[in-house]
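Below is one structure, written out as structure tokens; the observations come after it.
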Amino acid sequence: MDPQGGPYLNKRALCSPLGAARLCQLAMGCAVIAMVTHSAGYSGSHGVFCMATWCFCFAMSVVVFFLDATRLYSCLPVSWDNFTVTCAAFATLLYVTASVVYPLFFVRSECPYAGCHVRDFRIAVTVCSILGSVAYGAEVALCRARPGQTVVGYMATISGLLKVVQGFVACIIFGALANGSEYSRYGATIYCVAVYAFCFALTAVVVIMTVCGKTKGMRCMPFERFVVVCTLLEVLLYLSASVVWPVFCFDTKYGSPWRPSSCPRGKCPWDSKVVVAVFSFINFSLYMVDLIYSQRIRFVPSRLSTNSRV
Numbered sequence: 174m175d176p177q178g179g180p181y182l183n184k185r186a187l188c189s190p191l192g193a194a195r196l197c198q199l200a201m202g203c204a205v206i207a208m209v210t211h212s213a214g215y216s217g218s219h220g221v222f223c224m225a226t227w228c229f230c231f232a233m234s235v236v237v238f239f240l241d242a243t244r245l246y247s248c249l250p251v252s253w254d255n256f257t258v259t260c261a262a263f264a265t266l267l268y269v270t271a272s273v274v275y276p277l278f279f280v281r282s283e284c285p286y287a288g289c290h291v292r293d294f295r296i297a298v299t300v301c302s303i304l305g306s307v308a309y310g311a312e313v314a315l316c317r318a319r320p321g322q323t324v325v326g327y328m329a330t331i332s333g334l335l336k337v338v339q340g341f342v343a344c345i346i347f348g349a350l351a352n353g354s355e356y357s358r359y360g361a362t363i364y365c366v367a368v369y370a371f372c373f374a375l376t377a378v379v380v381i382m383t384v385c386g387k388t389k390g391m392r393c394m395p396f397e398r399f400v401v402v403c404t405l406l407e408v409l410l411y412l413s414a415s416v417v418w419p420v421f422c423f424d425t426k427y428g429s430p431w432r433p434s435s436c437p438r439g440k441c442p443w444d445s446k447v448v449v450a451v452f453s454f455i456n457f458s459l460y461m462v463d464l465i466y467s468q469r470i471r472f473v474p475s476r477l478s479t480n481s482r483v
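Set out below in structure tokens:
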């Protein structure tokens, strides 16, 4: 028992829907890692990405579950509610990506040279990864702010969750840019890269400020207004990049509107340019939705050492 007469452990970390979701995350993560290392296997950059995703999310879930069960989160200089929902949203996106990438590159209808048991293990890995995605998504759904409720953490709102998705999409754009996109050929495409980097940094600042509980520290304007100003600026910048990038990559004067026949698959600059263009439009749409929702946010910033689920 603690000095206030309560139990040392937080029973709601186990005996609650949120606790059940986190236990499912741990079980699926452990099963996936065990099967991949035992027989399923992985290779190449895609396999390393999937394995790194599962290991990172599993380690993060262990830390979150342990801190929540022992109430040691109160010793951390973070807003626990914002931190946990941010981790869950990010892990959901990572797990969904791994659940698509792994079967795409490693699961075949015919048996591989190592035997049918390897294929069966890879199918089982895919199923457990999908279940893990559902478990992380369930945590996000359980923590998400509902209409009519008092919003304690910004990251629990639709706008806050969109910030995580925007950052994840930006990472995909950066990956495509690094994969031989030839963005340095023109000043206009360099401008687009600067836009992507600036918007990503601005989004990261908002998330970090929220997770660290620094939303009260702004003197010039309320945090809600700061979020709206940042989002409007990001919408305008992404709008310009979404127009400029396709023009300087696919117009016949600067590039090619069709994929060159001699371009190797997997290392084709044209493919990378298409990925950047598509995800630029996706992120522009996300910022637009974010701007609409951010007009309606009214929340009460939480203190660093409190948790509404204690």
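Residue 174 is where the sequence shown starts when you use the working numbering, and the numbers rise one by one after that. Even for Gly, the Cβ is constructed at its ideal location relative to N, Cα and C.
Suppose the cutoff is 7 Å on Cβ atoms and the five residues either side in sequence are ignored; what does the same chain contact list for residue i look like?
{"i": "LYS440", "result": "GLY353"}
{"i": "LYS184", "result": "none"}
{"i": "HIS219", "result": "VAL274 and PHE278"}
{"i": "GLY202", "result": "TRP227, CYS230, PHE231, SER234 and GLY305"}
{"i": "SER212", "result": "HIS290, VAL291 and PHE294"}
{"i": "TRP418", "result": "THR362, CYS365, VAL449, ALA450 and SER453"}
Ordered along the chain, which non-local residues of its own chain (more than five positions away) have a Cβ less than 6 Å from that of residue i?
{"i": "ALA349", "result": "SER445, VAL448 and VAL449"}
{"i": "PRO276", "result": "THR299"}
{"i": "ASP463", "result": "SER332, LEU335 and THR404"}
{"i": "SER467", "result": "SER332, VAL400, VAL401 and THR404"}
{"i": "THR226", "result": "LEU267 and ALA271"}
{"i": "ARG244", "result": "ASN183"}
{"i": "PHE256", "result": "VAL384"}
Considering just the uninterrupted stretch of the alpha helix (DSSP H) at residue i, what are its terminal residues?
{"i": "PRO442", "result": "442-467"}
{"i": "GLU283", "result": "Looking at the DSSP string, GLU283 is not in any alpha helix (DSSP H), and its letter there is neither H nor E."}
{"i": "VAL204", "result": "It is worth fixing the name first, because residue 204 is Ala in this sequence and not Val. Here the alpha helix (DSSP H) through ALA204 covers 190-208."}
{"i": "ARG398", "result": "396-423"}
{"i": "SER332", "result": "331-351"}
Is the Cβ-Cβ distance between residue i and residue j less than 8 Å?
{"i": "TYR309", "j": "TYR268", "result": "yes"}
{"i": "MET233", "j": "ALA264", "result": "yes"}
{"i": "CYS301", "j": "THR362", "result": "no"}
{"i": "MET328", "j": "THR376", "result": "no"}
{"i": "LEU459", "j": "VAL342", "result": "yes"}
Under 8 Å Cβ to Cβ from residue i, same chain only, skipping five residues before and after it: list those, please.
{"i": "ARG281", "result": "ARG292"}
{"i": "LEU315", "result": "PRO190, LEU191 and ALA194"}
Please state the DSSP three-state secondary structure of residue i.
{"i": "TRP227", "result": "helix"}
{"i": "VAL251", "result": "coil"}
{"i": "LYS184", "result": "helix"}
{"i": "MET382", "result": "helix"}
{"i": "ARG244", "result": "coil"}
{"i": "GLU312", "result": "helix"}
{"i": "SER354", "result": "coil"}
{"i": "GLY217", "result": "helix"}
{"i": "THR388", "result": "coil"}
{"i": "GLY326", "result": "coil"}
Can you give the Cα-Cα distance for residue i and residue j, rounded to whole angstroms?
{"i": "ILE346", "j": "ASN456", "result": "10 Å"}
{"i": "TYR427", "j": "VAL209", "result": "45 Å"}
{"i": "LEU187", "j": "GLN198", "result": "13 Å"}
{"i": "PHE371", "j": "SER306", "result": "30 Å"}
{"i": "ALA351", "j": "LEU412", "result": "22 Å"}
{"i": "CYS248", "j": "ALA261", "result": "21 Å"}
{"i": "PHE396", "j": "THR388", "result": "6 Å"}
{"i": "VAL237", "j": "GLU283", "result": "40 Å"}
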